[in-house]
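Single-structure report; data block below.
Numbering (this note's numbering), first residue to last: 21 to 311.
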(Lines of atoms letter the chains of each structure in order from A and count residues from 1; the text may use other names and numbers.)
(Lines give C-alpha, C1' and ligand atoms only; values in the text may rest on other atoms or scores of the structure.)
Protein backbone atom coordinates (compact mmCIF):
# COMPACT_ATOMS: atom_id res chain seq x y z
CA UNK A 1 0.00 0.00 0.00
CA UNK A 2 1.13 3.55 -0.59
CA UNK A 3 2.85 5.34 2.28
CA UNK A 4 0.58 7.91 3.93
CA UNK A 5 1.87 11.47 4.23
CA UNK A 6 2.08 10.98 7.98
CA UNK A 7 4.91 8.52 7.32
CA UNK A 8 7.15 11.50 6.47
CA UNK A 9 8.88 13.59 9.14
CA UNK A 10 7.13 16.93 9.75
CA UNK A 11 10.16 18.90 8.60
CA UNK A 12 10.20 16.93 5.35
CA UNK A 13 6.53 17.72 4.74
CA UNK A 14 7.42 21.38 5.20
CA UNK A 15 10.29 20.95 2.77
CA UNK A 16 7.97 19.47 0.16
CA UNK A 17 5.52 22.31 0.62
CA UNK A 18 8.17 24.93 0.00
CA UNK A 19 9.46 23.06 -3.07
CA UNK A 20 13.07 23.43 -1.99
CA UNK A 21 15.42 22.03 -4.63
CA UNK A 22 18.60 19.99 -4.14
CA UNK A 23 21.68 21.31 -5.91
CA UNK A 24 22.55 18.75 -8.56
CA UNK A 25 25.43 18.27 -10.95
CA UNK A 26 25.62 16.60 -14.33
CA UNK A 27 27.99 13.69 -13.95
CA UNK A 28 30.45 12.16 -16.38
CA UNK A 29 32.82 9.27 -15.94
CA UNK A 30 35.72 11.59 -15.27
CA UNK A 31 33.77 13.85 -12.84
CA UNK A 32 35.16 17.35 -13.37
CA UNK A 33 36.57 19.32 -10.45
CA UNK A 34 33.86 20.61 -8.12
CA UNK A 35 34.08 23.77 -6.04
CA UNK A 36 34.57 23.56 -2.31
CA UNK A 37 31.82 26.10 -1.55
CA UNK A 38 29.50 23.58 0.12
CA UNK A 39 31.92 22.12 2.65
CA UNK A 40 29.96 23.78 5.47
CA UNK A 41 26.52 22.25 5.85
CA UNK A 42 23.84 22.71 8.47
CA UNK A 43 21.30 19.93 8.74
CA UNK A 44 18.15 21.70 9.85
CA UNK A 45 16.13 18.52 10.21
CA UNK A 46 17.03 15.02 11.35
CA UNK A 47 16.43 13.60 7.85
CA UNK A 48 17.58 15.96 5.10
CA UNK A 49 17.20 13.64 2.09
CA UNK A 50 14.52 10.96 1.82
CA UNK A 51 13.87 8.80 -1.23
CA UNK A 52 10.92 6.43 -0.99
CA UNK A 53 10.32 6.69 -4.80
CA UNK A 54 6.57 7.12 -4.29
CA UNK A 55 5.24 9.51 -6.95
CA UNK A 56 8.79 10.01 -8.23
CA UNK A 57 9.32 11.41 -11.72
CA UNK A 58 12.27 11.10 -14.10
CA UNK A 59 13.28 13.72 -16.68
CA UNK A 60 16.21 14.28 -19.01
CA UNK A 61 17.96 12.42 -21.77
CA UNK A 62 21.21 10.61 -22.55
CA UNK A 63 23.25 8.87 -19.84
CA UNK A 64 22.24 11.23 -17.01
CA UNK A 65 18.71 12.06 -15.91
CA UNK A 66 17.09 13.68 -12.89
CA UNK A 67 14.83 11.74 -10.55
CA UNK A 68 12.59 14.00 -8.46
CA UNK A 69 11.21 12.63 -5.21
CA UNK A 70 9.78 14.38 -2.14
CA UNK A 71 10.60 17.80 -3.54
CA UNK A 72 14.26 17.21 -4.39
CA UNK A 73 16.17 16.25 -7.53
CA UNK A 74 18.77 13.49 -7.70
CA UNK A 75 20.98 12.53 -10.62
CA UNK A 76 20.66 8.97 -11.91
CA UNK A 77 23.37 7.93 -14.30
CA UNK A 78 24.98 5.11 -16.23
CA UNK A 79 28.34 4.50 -17.78
CA UNK A 80 29.79 1.76 -19.95
CA UNK A 81 27.41 -1.17 -20.14
CA UNK A 82 25.24 0.09 -17.28
CA UNK A 83 21.49 0.60 -17.60
CA UNK A 84 19.98 3.86 -16.36
CA UNK A 85 18.30 3.21 -12.96
CA UNK A 86 14.56 2.66 -13.37
CA UNK A 87 11.52 2.93 -11.10
CA UNK A 88 10.23 -0.52 -10.23
CA UNK A 89 7.40 -2.22 -8.37
CA UNK A 90 9.92 -4.24 -6.34
CA UNK A 91 10.21 -2.31 -3.10
CA UNK A 92 10.74 -2.71 0.63
CA UNK A 93 7.84 -0.39 1.54
CA UNK A 94 5.10 1.49 -0.28
CA UNK A 95 4.57 0.78 -3.97
CA UNK A 96 7.79 1.76 -5.76
CA UNK A 97 11.54 1.08 -5.55
CA UNK A 98 14.52 1.70 -7.84
CA UNK A 99 16.20 -0.92 -10.05
CA UNK A 100 19.92 -0.67 -10.91
CA UNK A 101 21.32 -3.15 -13.42
CA UNK A 102 24.33 -3.93 -15.59
CA UNK A 103 24.16 -6.81 -18.11
CA UNK A 104 26.77 -9.54 -18.44
CA UNK A 105 30.01 -8.17 -19.84
CA UNK A 106 33.75 -8.79 -20.06
CA UNK A 107 34.60 -5.55 -21.91
CA UNK A 108 37.35 -3.45 -20.27
CA UNK A 109 36.28 -0.19 -18.66
CA UNK A 110 34.10 0.76 -15.72
CA UNK A 111 30.33 0.20 -15.68
CA UNK A 112 27.82 1.95 -13.47
CA UNK A 113 24.09 2.19 -12.75
CA UNK A 114 23.78 4.59 -9.81
CA UNK A 115 21.82 7.34 -8.12
CA UNK A 116 23.54 10.32 -6.49
CA UNK A 117 21.88 10.32 -3.09
CA UNK A 118 23.80 13.21 -1.52
CA UNK A 119 25.99 15.85 -3.15
CA UNK A 120 28.72 17.74 -1.25
CA UNK A 121 28.52 15.84 2.03
CA UNK A 122 30.66 17.76 4.58
CA UNK A 123 33.77 16.77 6.48
CA UNK A 124 34.15 16.99 10.27
CA UNK A 125 30.45 16.43 10.93
CA UNK A 126 28.57 13.29 11.91
CA UNK A 127 26.17 12.18 9.18
CA UNK A 128 24.15 8.98 8.78
CA UNK A 129 23.37 7.37 5.42
CA UNK A 130 20.92 4.46 5.19
CA UNK A 131 19.32 2.42 2.43
CA UNK A 132 17.46 -0.80 1.73
CA UNK A 133 19.02 -3.09 -0.88
CA UNK A 134 17.75 -6.27 -2.54
CA UNK A 135 20.16 -8.53 -4.45
CA UNK A 136 18.72 -10.43 -7.40
CA UNK A 137 18.42 -14.21 -7.00
CA UNK A 138 21.13 -14.60 -9.66
CA UNK A 139 23.40 -11.83 -8.36
CA UNK A 140 27.01 -12.87 -9.01
CA UNK A 141 29.49 -14.08 -6.45
CA UNK A 142 32.67 -12.13 -5.84
CA UNK A 143 35.39 -12.77 -8.40
CA UNK A 144 38.83 -14.03 -7.47
CA UNK A 145 41.70 -11.74 -6.59
CA UNK A 146 41.80 -8.33 -4.95
CA UNK A 147 42.88 -5.82 -7.57
CA UNK A 148 41.82 -2.96 -9.83
CA UNK A 149 40.47 -5.38 -12.45
CA UNK A 150 37.91 -7.04 -10.23
CA UNK A 151 35.58 -5.12 -7.91
CA UNK A 152 31.88 -4.36 -7.57
CA UNK A 153 30.51 -1.80 -5.11
CA UNK A 154 26.89 -1.10 -4.20
CA UNK A 155 27.42 2.13 -2.29
CA UNK A 156 30.32 4.58 -2.40
CA UNK A 157 31.47 7.92 -1.02
CA UNK A 158 33.42 9.69 -3.77
CA UNK A 159 35.78 12.64 -3.27
CA UNK A 160 37.62 13.22 -6.55
CA UNK A 161 38.83 11.70 -9.81
CA UNK A 162 41.04 9.76 -10.37
CA UNK A 163 41.02 9.01 -6.66
CA UNK A 164 39.34 5.84 -5.39
CA UNK A 165 36.19 6.29 -3.27
CA UNK A 166 36.98 6.95 0.38
CA UNK A 167 34.29 4.54 1.67
CA UNK A 168 32.70 1.64 -0.17
CA UNK A 169 30.59 -1.41 0.45
CA UNK A 170 31.71 -4.00 -2.08
CA UNK A 171 31.07 -7.63 -2.88
CA UNK A 172 33.85 -9.50 -1.11
CA UNK A 173 36.36 -11.00 -3.49
CA UNK A 174 36.26 -14.78 -3.71
CA UNK A 175 33.03 -15.04 -1.69
CA UNK A 176 29.72 -16.63 -2.64
CA UNK A 177 28.04 -13.39 -1.63
CA UNK A 178 29.52 -11.35 1.21
CA UNK A 179 30.33 -7.66 1.63
CA UNK A 180 33.56 -5.92 2.52
CA UNK A 181 33.80 -2.45 4.06
CA UNK A 182 36.65 -0.37 2.62
CA UNK A 183 37.81 2.94 4.17
CA UNK A 184 40.62 4.93 2.53
CA UNK A 185 42.77 7.90 3.55
CA UNK A 186 46.10 9.57 2.76
CA UNK A 187 48.03 6.69 4.31
CA UNK A 188 46.35 3.96 2.26
CA UNK A 189 46.69 6.04 -0.93
CA UNK A 190 44.14 7.53 -3.27
CA UNK A 191 45.07 6.28 -6.76
CA UNK A 192 45.17 2.58 -7.46
CA UNK A 193 48.40 2.62 -9.49
CA UNK A 194 50.45 4.20 -6.69
CA UNK A 195 48.55 3.43 -3.47
CA UNK A 196 50.55 1.42 -0.89
CA UNK A 197 47.30 -0.20 0.30
CA UNK A 198 44.62 0.26 -2.38
CA UNK A 199 42.06 -2.05 -0.69
CA UNK A 200 42.11 -1.34 3.07
CA UNK A 201 39.31 -3.70 4.11
CA UNK A 202 37.95 -2.85 7.57
CA UNK A 203 35.45 -5.68 7.91
CA UNK A 204 33.40 -8.41 6.24
CA UNK A 205 29.83 -9.64 6.56
CA UNK A 206 27.15 -11.78 4.96
CA UNK A 207 24.73 -10.81 2.22
CA UNK A 208 21.57 -12.60 1.08
CA UNK A 209 19.96 -12.89 -2.31
CA UNK A 210 16.23 -12.45 -2.74
CA UNK A 211 15.57 -10.50 0.47
CA UNK A 212 15.74 -6.88 1.61
CA UNK A 213 18.70 -5.76 3.74
CA UNK A 214 18.98 -2.38 5.47
CA UNK A 215 22.41 -0.81 5.77
CA UNK A 216 23.25 2.35 7.68
CA UNK A 217 26.63 4.06 7.80
CA UNK A 218 27.27 6.58 10.55
CA UNK A 219 30.32 8.51 9.43
CA UNK A 220 32.56 11.36 10.46
CA UNK A 221 34.91 12.11 7.60
CA UNK A 222 38.12 13.51 9.01
CA UNK A 223 41.28 13.09 6.88
CA UNK A 224 43.68 14.15 9.64
CA UNK A 225 42.36 11.83 12.34
CA UNK A 226 39.44 11.63 14.72
CA UNK A 227 37.07 10.25 12.10
CA UNK A 228 35.05 7.07 12.18
CA UNK A 229 32.73 4.78 10.24
CA UNK A 230 30.10 2.65 11.96
CA UNK A 231 28.33 0.11 9.80
CA UNK A 232 24.90 -1.21 10.79
CA UNK A 233 23.06 -4.04 9.09
CA UNK A 234 19.37 -4.53 9.84
CA UNK A 235 19.78 -2.33 12.90
CA UNK A 236 22.77 -4.19 14.35
CA UNK A 237 26.25 -2.68 14.61
CA UNK A 238 28.60 -4.91 12.60
CA UNK A 239 31.83 -2.89 12.28
CA UNK A 240 33.48 0.21 13.72
CA UNK A 241 36.54 1.85 12.20
CA UNK A 242 38.21 4.84 13.88
CA UNK A 243 41.01 7.01 12.55
CA UNK A 244 41.63 8.93 9.36
CA UNK A 245 38.75 8.95 6.85
CA UNK A 246 39.08 10.61 3.46
CA UNK A 247 41.83 12.53 1.65
CA UNK A 248 43.34 15.71 3.08
CA UNK A 249 44.27 18.91 1.24
CA UNK A 250 47.72 17.37 0.76
CA UNK A 251 46.01 15.10 -1.80
CA UNK A 252 43.12 17.16 -3.17
CA UNK A 253 41.60 20.59 -2.53
CA UNK A 254 38.03 19.31 -2.45
CA UNK A 255 37.04 18.62 1.16
CA UNK A 256 33.57 17.13 0.76
CA UNK A 257 32.20 13.99 -0.88
CA UNK A 258 29.25 12.62 -2.84
CA UNK A 259 27.29 9.62 -1.57
CA UNK A 260 25.97 7.26 -4.26
CA UNK A 261 23.99 4.03 -4.26
CA UNK A 262 23.78 1.47 -7.05
CA UNK A 263 26.17 -0.77 -8.95
CA UNK A 264 29.67 0.40 -9.85
CA UNK A 265 32.00 -2.29 -11.17
CA UNK A 266 35.23 -2.74 -13.06
CA UNK A 267 35.42 -3.98 -16.61
CA UNK A 268 37.77 -6.66 -17.87
CA UNK A 269 36.37 -9.34 -15.58
CA UNK A 270 33.81 -11.75 -17.01
CA UNK A 271 30.88 -10.42 -14.99
CA UNK A 272 27.46 -12.10 -15.14
CA UNK A 273 24.41 -9.83 -15.13
CA UNK A 274 24.21 -7.75 -11.93
CA UNK A 275 20.89 -6.36 -10.64
CA UNK A 276 19.90 -4.77 -7.34
CA UNK A 277 16.90 -2.81 -6.09
CA UNK A 278 17.00 0.16 -3.70
CA UNK A 279 14.39 1.75 -1.45
CA UNK A 280 13.95 3.91 1.68
CA UNK A 281 17.16 5.92 1.19
CA UNK A 282 17.76 8.46 3.95
CA UNK A 283 20.48 10.98 4.78
CA UNK A 284 20.48 12.81 8.10
CA UNK A 285 22.31 13.48 11.34
CA UNK A 286 20.85 10.90 13.74
CA UNK A 287 20.94 7.13 13.53
CA UNK A 288 17.50 6.68 15.09
CA UNK A 289 15.82 8.80 12.42
CA UNK A 290 17.36 7.12 9.39
CA UNK A 291 16.92 3.57 10.63
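Yeah, the Cβ is synthetic: ideal placement off N, Cα and C, and Gly gets one too. Nothing here was measured: the structure is a model prediction, and the numbers come from that model.
By the neighbour-count criterion, in which 16 or more other beta carbons inside 10 Å mark a residue as buried, residue 270 falls on the exposed side.
With a threshold of 16 other beta carbon atoms within 10 Å, residue 70 meets it and is buried.
In chain order, 295 place their CB closer than 6 Å to the CB of residue 156, counting only its own chain and leaving out the 5 sequence neighbours on each side.
Comparing C-alpha distances from residue 200 to each of 285, 225 and 124 shows the shortest one belongs to 225.
Here the C-alpha atom of residue 249 lies approximately 8 Å from the C-alpha atom of residue 259.
In the three-state DSSP reduction, residue 74 falls in the coil class, being neither helix nor strand.
The bridge partners DSSP lists for residue 174 come to none. With fewer than 16 neighbouring CB atoms inside 10 Å of its own CB, residue 182 falls in the exposed class. Taking 3 residues as the shortest admissible run, the stretch 116-142 contains the following complete beta strand (DSSP E) segments, listed from N- to C-terminal end: 117-122 and 131-142.
Your pair residue 235 and residue 150 checks out as a contact, with CB atoms roughly 7 Å apart and the cut at 8 Å. The DSSP-derived three-state label of residue 307 is helix. Going by C-alpha positions, residue 206 is about 23 Å away from residue 138. When 308, 144 and 301 are compared, the shortest CA-CA separation from residue 116 is found for 301.
Note that the stretch 203-218 does not touch the stretch 114-129; fewer than 3 beta-carbon pairs, one per stretch, sit closer than 8 Å. By the Cβ neighbour-count rule, residue 121 is buried, with 16 or more other Cβ atoms within 10 Å of its own.
Counting C-beta atoms within 10 angstroms of its own C-beta, residue 210 has 16 or more neighbours from the protein chains shown and is therefore classed as buried. Within 10 angstroms of the beta-carbon of residue 158 lie fewer than 16 other beta-carbons, which makes it exposed. Nearest C-alpha to residue 131 among 178, 283 and 113: 283. Where residue 152 is concerned, the enclosing beta strand (DSSP E) starts and stops at 146-155.
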